[in-house]
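Some notes on the structure that comes next.
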Amino acid sequence: MSALAVAPLAPLAQSGPVIPNFGRGDDCIRNNGNFCTQWFIDNFRERFLPRVGEHIKMTVIAVVLGFIIAFVAALIAHRRRGFEAPFANLASLFYTIPSIALFQIMVPITGIGWTTIIIALVSYTLLILFRNILTGLREVPSEVKEAAEGMGLTRRQTLVRVELPLAVPAIIAGLRVATVTTISLATIAAFITPLGLGAPIFSAIQTGANTEFVGASLLAIALALLADVLIVLTQRIVSPWTRARRRSA
Amino acid sequence: MHKGRGRGLLTLLSTLAALALFVAGCGGSDSSSSSSSSSGGSSAASSQPGKGKPAVTIGTKDFTEEFVLGELYAQALQAKGYTVNLKRNIGATEITDKALTSKQIDAYPEYTGITTAVVAKDDTLSPTKEETAKKAKDFYEKRGQVVVGPTPFQDVDAIATTKAFAAKHNLKSVADLKKLPSFSLGARPEFKSRFTGLVGMEKEYGIKNADFRQLALGLQYKALDKGDVDAANVFSTDAQLASGKYTVLQDPKGVFGFQQVYFVINKDKYDALGGAQFSAVIDSVNKLLTNDAMQSMNAAVDLDKKDPKAVAGQFLQANGLTGSSS
Amino acid sequence: MSDLINFYKDNASLLFEKTLAHLGIAGLGMAIALVLALPLGVYLGHKHAGAFLAINISNVFRALPSLALIAISLALFGLSLLNVEVALVALAVPPILTNAYTAVDGVDPDAVEAARGMGMTERQVLTGVELPLAWPLIFAGIRTAAVYVVATAPLAAIAGGGGLGDIILNQPTYGLVGVIGATLIVVVLAFAVDALFALVQRAVTPRGLAVPRELTTIVPAGTDTAVTAETAATVEQV
Numbered sequence: 023m024s025a026l027a028v029a030p031l032a033p034l035a036q037s038g039p040v041i042p043n044f045g046r047g048d049d050c051i052r053n054n055g056n057f058c059t060q061w062f063i064d065n066f067r068e069r070f071l072p073r074v075g076e077h078i079k080m081t082v083i084a085v086v087l088g089f090i091i092a093f094v095a096a097l098i099a100h101r102r103r104g105f106e107a108p109f110a111n112l113a114s115l116f117y118t119i120p121s122i123a124l125f126q127i128m129v130p131i132t133g134i135g136w137t138t139i140i141i142a143l144v145s146y147t148l149l150i151l152f153r154n155i156l157t158g159l160r161e162v163p164s165e166v167k168e169a170a171e172g173m174g175l176t177r178r179q180t181l182v183r184v185e186l187p188l189a190v191p192a193i194i195a196g197l198r199v200a201t202v203t204t205i206s207l208a209t210i211a212a213f214i215t216p217l218g219l220g221a222p223i224f225s226a227i228q229t230g231a232n233t234e235f236v237g238a239s240l241l242a243i244a245l246a247l248l249a250d251v252l253i254v255l256t257q258r259i260v261s262p263w264t265r266a267r268r269r270s271a
Numbered sequence: 112m113h114k115g116r117g118r119g120l121l122t123l124l125s126t127l128a129a130l131a132l133f134v135a136g137c138g139g140s141d142s143s144s145s146s147s148s149s150s151g152g153s154s155a156a157s158s159q160p161g162k163g164k165p166a167v168t169i170g171t172k173d174f175t176e177e178f179v180l181g182e183l184y185a186q187a188l189q190a191k192g193y194t195v196n197l198k199r200n201i202g203a204t205e206i207t208d209k210a211l212t213s214k215q216i217d218a219y220p221e222y223t224g225i226t227t228a229v230v231a232k233d234d235t236l237s238p239t240k241e242e243t244a245k246k247a248k249d250f251y252e253k254r255g256q257v258v259v260g261p262t263p264f265q266d267v268d269a270i271a272t273t274k275a276f277a278a279k280h281n282l283k284s285v286a287d288l289k290k291l292p293s294f295s296l297g298a299r300p301e302f303k304s305r306f307t308g309l310v311g312m313e314k315e316y317g318i319k320n321a322d323f324r325q326l327a328l329g330l331q332y333k334a335l336d337k338g339d340v341d342a343a344n345v346f347s348t349d350a351q352l353a354s355g356k357y358t359v360l361q362d363p364k365g366v367f368g369f370q371q372v373y374f375v376i377n378k379d380k381y382d383a384l385g386g387a388q389f390s391a392v393i394d395s396v397n398k399l400l401t402n403d404a405m406q407s408m409n410a411a412v413d414l415d416k417k418d419p420k421a422v423a424g425q426f427l428q429a430n431g432l433t434g435s436s437s
Numbered sequence: 015m016s017d018l019i020n021f022y023k024d025n026a027s028l029l030f031e032k033t034l035a036h037l038g039i040a041g042l043g044m045a046i047a048l049v050l051a052l053p054l055g056v057y058l059g060h061k062h063a064g065a066f067l068a069i070n071i072s073n074v075f076r077a078l079p080s081l082a083l084i085a086i087s088l089a090l091f092g093l094s095l096l097n098v099e100v101a102l103v104a105l106a107v108p109p110i111l112t113n114a115y116t117a118v119d120g121v122d123p124d125a126v127e128a129a130r131g132m133g134m135t136e137r138q139v140l141t142g143v144e145l146p147l148a149w150p151l152i153f154a155g156i157r158t159a160a161v162y163v164v165a166t167a168p169l170a171a172i173a174g175g176g177g178l179g180d181i182i183l184n185q186p187t188y189g190l191v192g193v194i195g196a197t198l199i200v201v202v203l204a205f206a207v208d209a210l211f212a213l214v215q216r217a218v219t220p221r222g223l224a225v226p227r228e229l230t231t232i233v234p235a236g237t238d239t240a241v242t243a244e245t246a247a248t249v250e251q252v
């Protein structure tokens, strides 16, 4: 009938394979502790570091692509009033689709791998980037634009030399939210393919290895916070004058 | 002053672009594997039948034993010069088989009884493991795949309870569960709809009193220990079962079937990889996989939390299938 | 397409049960987030103090990946509803907190002065002047949070289960058509919740204040002001 093999580890039989001693885990890990530091350190390079690299790669590619698309769309919307609503509506539709569903739905179309992940992640960045770039452009005081016009700048020159630079704070704020959101969503990508920090999270939940999924989770959180801080610092470097600016609602 | 702001924006954009290029550059394309060039070491007169052949993508399902099997096959193949992309943890059988037929992956290890019951959707019970294996083989060959194996070991679904619970209700076989007014059963999602699962339990044993609780695989022992569920779906080669804390209920009718492992590969890929030469490598792995071997490897991963890659590597090396530890 | 209709027909009662559970999970998360974030944001905005605190709590919470939170909670609490609720609350707090703070903080100071001049107590100023003027923006934040929460609640199925996530994460049993079917329900729910909040927002906005242009578009009106507020907030703290 069904062969239930619950034999303890038997010494090798003559004609059986050699079963090496794989090494006993320390007490912490054998008790499946929530975070066994030694185990985490020992396994970091092999099991976590490559995932961190993949995660960063996913995020950067998705945010940059999303930025390009959103940027172009915002420029168009800045010129043509009618463009904003359709684009924003489409982009915002994605926010109602659970990412874990979107990844699965795209697999038959774009396969199991990078293409699916990037397309899905880019979709989620569009709304926030579009909104922020557009808002940034719109918030430029009309007196400034008029002054530029008065100085003889063409519309394009005004855009490039006046409006966009003034929009930088809003743009970076949008980048910030988009990046952090993408890092979070990228963990879900591992549901369909073993890439990024979500991979050890999902697989460790399967195997019940607490330290593995707790460790990967902490890494994901650290990555997101680090990205957030880096972008804030970038914002300060790139637009130091905003500290002086006080906004009144 | 405007120049300063313009410069700021320019700096920003160029930083972004540079960052993207840098990141895209470092780290190869499809990095879901420990691909190609395994050191291998130079085994004397090492035939490297894999050299020059196309890459093969092996997928694995979503639990420890599959992770280990995937690594075993991948590393053994790499030692023979094959280029392997290993995609770990694709999902349950239904998802992984779909990936196979849609050529997202070329091959994966599958259990004979699961093939017949879940993939082929054949509800009839086979009396022997040989018959189950034959049915599986025929099914795959008709569909355009080739199988290599089967392995000596089997890993069947089973229902387990804590020792205390079984003693209290005098449970020895799955059929005894019928006696309870109701009981909670924790299992992975697909268990609910499978013949080698709740459906078969209902049909063959008349179990209609189960309260199904969906659990991610791997959480079932936690749930049993905490008392979150009365019974749980486990695998017979799970390391945790050796602890003596659980009672595995007998399956006299064989609902959960026979479950040896076949390495299943799409025929066109199989031919491109050199047919018999390729299967020789797989065979060399398969014949080592006894119940004891599988259980010890599972234990190393599940209890001692070793990396499946390392465990598979050590096993292969100890048995002479690789030149050095990967 | 017909597969989809069949899916709905065959699983009508299951879907109904899961949808209710889904709303429950989402609702609980929103309720907790509102209790935590709304009073805090309003209070800090009223006092025109603690901008740093409000903004940074929001930023930190926003940076926490939901899956990571669920996984850590799983290790700490085992299988339970708490796991997903921790993640949902972390998701909902930032828009609510930021908007509440920015809204109340940004109420026209002249109006507040006038109210004080008329002899209103602090509490009366808050409830009679600041809150009514701030409601639209506060509501925008709540709307945004609600959409996030409804769309993220499927993750509950990873560690504790419940709601439409049980179907979305179970493609083996329900097929891709099931995943799509359940997802559509989530999308509709998100739209419905947004529309509902929009109606309430309109009902609660005092006459004479600008009403958001579109009532039923899902996020634009909400995100517009929420994003601007979030933008302003994040800009301000630099």
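Protein chains in written order, with the numbering used here: chain Z, 23 to 271; chain P, 112 to 437; chain C, 15 to 252. Note that the Cβ used here is the ideal one computed from N, Cα and C, for glycine as well.
With C-beta atoms as the reference, is residue i less than 8 Å away from residue j?
i, j, result
"A167(C)", "L147(C)", "no"
"D415(P)", "G133(Z)", "no"
"T209(Z)", "F57(Z)", "no"
"A189(Z)", "I150(Z)", "no"
"V72(C)", "A101(C)", "Per the sequence shown, the amino acid found at residue 72(C) is Ser instead of Val. Not closer than 8 Å, so no."
"G397(P)", "A218(P)", "Reading the sequence as shown, one finds Asn at residue 397(P) and not Gly. Not a contact, by the Cβ cut-off of 8 Å."
"I205(Z)", "L245(Z)", "yes"
"T203(Z)", "A249(Z)", "no"
"L360(P)", "L282(P)", "yes"
"L217(Z)", "E76(Z)", "yes"
"A113(Z)", "F152(Z)", "yes"
"A229(Z)", "G329(P)", "What sits at residue 229(Z) in the sequence shown is Thr, not Ala. Yes. Within cutoff."
"V74(Z)", "L219(Z)", "yes"
"T439(P)", "V372(P)", "Shown here, chain P extends from 112 to 437; a query on residue 439(P) therefore has no answer."
"A228(P)", "R299(P)", "no"
"Q257(Z)", "P191(Z)", "yes"
Would you report the Cα separation of residue i and residue j, rounded to the nearest angstrom?
i, j, result
"F235(Z)", "L190(C)", "27 Å"
"Q325(P)", "P160(P)", "45 Å"
"G224(P)", "T262(P)", "13 Å"
"V254(Z)", "A114(C)", "22 Å"
"L37(C)", "D418(P)", "40 Å"
"A98(C)", "T158(C)", "The question names Ala, yet the displayed sequence has Val at residue 98(C). If you take the alpha carbons of V98(C) and T158(C), they lie about 18 Å apart."
"T215(Z)", "D362(P)", "35 Å"
"V143(C)", "A160(C)", "26 Å"
"V422(P)", "F62(Z)", "17 Å"
Could you name the residues of the same chain whose beta carbon sits closer than 8 Å to that of residue i, not counting the 5 residues immediately before and after it, in chain order?
i, result
"G115(P)", "Legend: pLDDT at G115(P) = 47, less than 50; position of this residue unreliable, no value from coordinates given."
"F116(Z)", "L124, S145, Y146, L148, L149"
Residues in its own chain within less than 7 Å of residue i by CB, not counting five upstream and five downstream?
i, result
"M128(Z)", "T138, I141, A142"
"D394(P)", "V259"
"K356(P)", "T273, K274"
"V392(P)", "A187, L188, K191"
By a C-beta neighbour count over all protein chains shown, 10 Å radius and 16 as the cutoff for buried, is residue i buried or exposed?
i, result
"S239(Z)", "buried"
"Q179(Z)", "exposed"
"D238(P)", "Correcting the residue identity first, residue 238(P) is Pro in this sequence and not Asp. P238(P) should be labelled exposed."
"F174(P)", "buried"
"A210(P)", "buried"
"A45(C)", "exposed"
"K303(P)", "buried"
"F264(P)", "buried"
"V251(Z)", "exposed"
"L210(C)", "exposed"
Considering only residues of the same chain and omitting the five flanking positions on each side of residue i, which have a CB-CB separation below 6 Å?
i, result
"A40(C)", "V163, V164, A167"
ask   = If you measure beta-carbon to beta-carbon, which residues of the segment 229-247 of chain Z are closer than 8 Å to chain P?
value = T229, G230, A231, T233, E234
key: Residues in the segment 337-355 of chain P having any Cβ partner in chain C nearer than 8 Å   = K337, D339
key: Contact list for the segment 297-313 of chain P against chain Z, Cβ threshold 8 Å   = none
ask   = Quick one, which residues of the segment 194-224 of chain P are near chain C if we go by CB-CB under 9 Å, in chain order?
value = G202, A203, T204, E205, I206, K209
query = What are the residues of the segment 321-337 of chain P that lie near chain C, defined by any Cβ-Cβ distance shorter than 9 Å?
reply = R324, Q325, L326, A327, L330, K333, A334, K337
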